Amino acid sequence: MPSLFHKFLADEHGAVTVDWVVLTSIAVGFGFMVLATLGSGTTDVGAQMQRNLGAVQVTQIPQLGFSE
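With positions in the sequence shown counted from 1, the corresponding number in our numbering is that position plus 476.
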């Protein structure tokens, strides 16, 4: 007589739903890994750009003969 556990393992009702849940969770986990990996890099690049742009001296362009 098969046990309840073996019946549960052999049952295929709802298996497609379980597959989609697993695949979706893998995709979401992969997205979080990508964000964690790229997040610190983009923050560093943004900070470097801010330092570089802050050091730029802005000069006023003289008017080209136009009067206000």
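A virtual CB, placed ideally from N, CA and C, is assigned to each residue, including glycine. As the structure is a computational prediction, the values presented were derived from the model and not from experiment.
Range of the contiguous alpha helix (DSSP H) that encloses residue i
{"i": "Gln533", "result": "It is not in any alpha helix (DSSP H) - Gln533 carries neither H nor E in the DSSP assignment."}
{"i": "His489", "result": "No alpha helix (DSSP H) contains His489, which DSSP labels as neither H nor E."}
Three-state class that DSSP yields for residue i in the structure shown
{"i": "Gly517", "result": "helix"}
{"i": "Ser443", "result": "What the structure shows of the chain is the stretch from 477 to 544, and residue 443 is not part of that stretch, so it cannot be assessed."}
{"i": "Leu540", "result": "coil"}
Inter-residue spacing [alpha-carbon to alpha-carbon] between residue i and residue j
{"i": "Val510", "j": "Ser479", "result": "43 Å"}
{"i": "Leu485", "j": "Ala491", "result": "10 Å"}
{"i": "Val521", "j": "Val497", "result": "36 Å"}
{"i": "Asp495", "j": "Ala523", "result": "42 Å"}
{"i": "Ala512", "j": "Val532", "result": "31 Å"}
{"i": "Asp487", "j": "Thr493", "result": "13 Å"}
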